[in-house]
Amino acid sequence: MAAGDAMGMPTSMMSPEKIQQMFGSYVTDFLPAPAGHVIHDKMVAGQVTDDTQQTLLIADSIIEKGVIDPEDIARRLIEWGEEVDAFGSMAVGPSSLRALYAIRSGKSVYESGSVGDTNGAVMRIGAVGIYGRGELERTVDAVEKACLPTHNTNIAISGASAVAMAIGCGINGESDVDTIIMKALEAAELGMSRGNIWYGASIIERTKLALQIVSKDADREDIMKELYDIIGAGVQVSETVPTCLAITKLTNGDVVEGIQTAVNLGGDCDTIAAITGSICGAISGVDRIPEAWIEILEKVNPYDFDEYTEKLFRAIYK
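If you read the sequence shown in the working numbering, its first letter stands for residue 7, the second for the next number, and so on.
Next comes the structure, spelled out in structure tokens:
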């Protein structure tokens, strides 16, 4: 997750053509943000964004509480937002920002996320996926609670459930990508019955279309252009989740290839690479992640990822 987030940081919010123009080649390693980047200006190579920060604050909540606690998650999100001055920047997505303002103004966490339909809930769902253990009901129940403060809509819960289920299945030893995607779509279907009923394209049907695109016997570059043009790589859940699952299929769950493919796709690259990295990392295992990547991430960022992993697993599997 952190590797995908950091590698996608400099290419985020760019078209594929702009990425090629800006970087001159296929991005395969950590790079600093280009000067004047619309969101990540002055960030250094290997630095993570709000995707990782919010994922870890949910992990902190699970570690401390042992359960998914919507009120605790909301409190941590607000404290984080104030600490990094997220309320005065573009670092927080529209759904989260609107909901957090509402909570700060006294609105209940059970009401604040009633129209959240962008990908913020999906990007920070990694620890919840581990908590779900690859079990359908447990996963969707946990996702629904985690989404409550900012993204309490059926479309957001559906997408986050799909990703959480894929991560949980991978962590628990499932390695067949087709099986993982099938289970992810089962979770997406159950997730559509949760939360506030909201409008939006079907994540399940768009994922099926995305899988058709990446299954074509065509050049990888052409496949990725079609995925970008037709499915999309924006902040809507119905774009993000189908695209991440399709890249997972295209790369057969390989974490390095999955991240690098997402980084060069265009669009919301840090989030798409973070989510794809979470899914593929769960499938491939930590040993597939280059040691050099881990060294840079731990040098640049104030997090001990091994310690987080150990504490999270102790809290979940105690």
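In this text, a Cβ means the ideal position worked out from N, Cα and C, and glycines have one as well.
Check: Let me make sure I understand the geometry here. Which of Asp56, Ile45, Lys48 and Gly10 has the alpha-carbon closest to that of Thr34?; Outcome: Gly10
Check: Per DSSP, what kind of secondary structure is Thr156 in: helix, strand or coil?; Outcome: coil
Check: Ignoring anything shorter than 3 residues or poking outside the stretch 197-257, list the beta strand (DSSP E) runs there in chain order.; Outcome: none
Check: Which of the three DSSP states, helix, strand or coil, is assigned to Thr58?; Outcome: helix
Check: State the Cα-Cα distance for the pair Arg81 and Asp223, rounded to the nearest angstrom.; Outcome: 48 Å
Check: Taking only beta-carbon positions, decide if Asp312 is within less than 9 Å of chain C.; Outcome: Judged by its chain identifiers, the structure shown contains no chain C, having just a single protein chain.
Check: DSSP has Gly273 in a bridge; who is on the other side?; Outcome: Met20
Check: For Tyr205 and Gly126, I'd like the C-alpha separation in whole angstroms.; Outcome: 17 Å
Check: With DSSP collapsed to three states, give me the class of Thr124.; Outcome: strand
Check: Does Lys151 pass the burial test, meaning 16 or more other C-beta atoms within 10 Å, or should it be called exposed?; Outcome: buried
Check: At the level of alpha carbons, what is the spacing between Ile45 and Thr17?; Outcome: 11 Å
Check: Please tell me whether Asn202 and Arg139 are closer than 9 Å, where the distance is taken between their beta carbons.; Outcome: no
Check: With Pro76 as the anchor, note down where its alpha helix (DSSP H) starts and where it stops.; Outcome: Pro76 to Glu89
Check: Phe93 by DSSP, collapsed to three states: which one?; Outcome: helix
Check: Quick check on DSSP: helix, strand or coil for Phe36?; Outcome: coil
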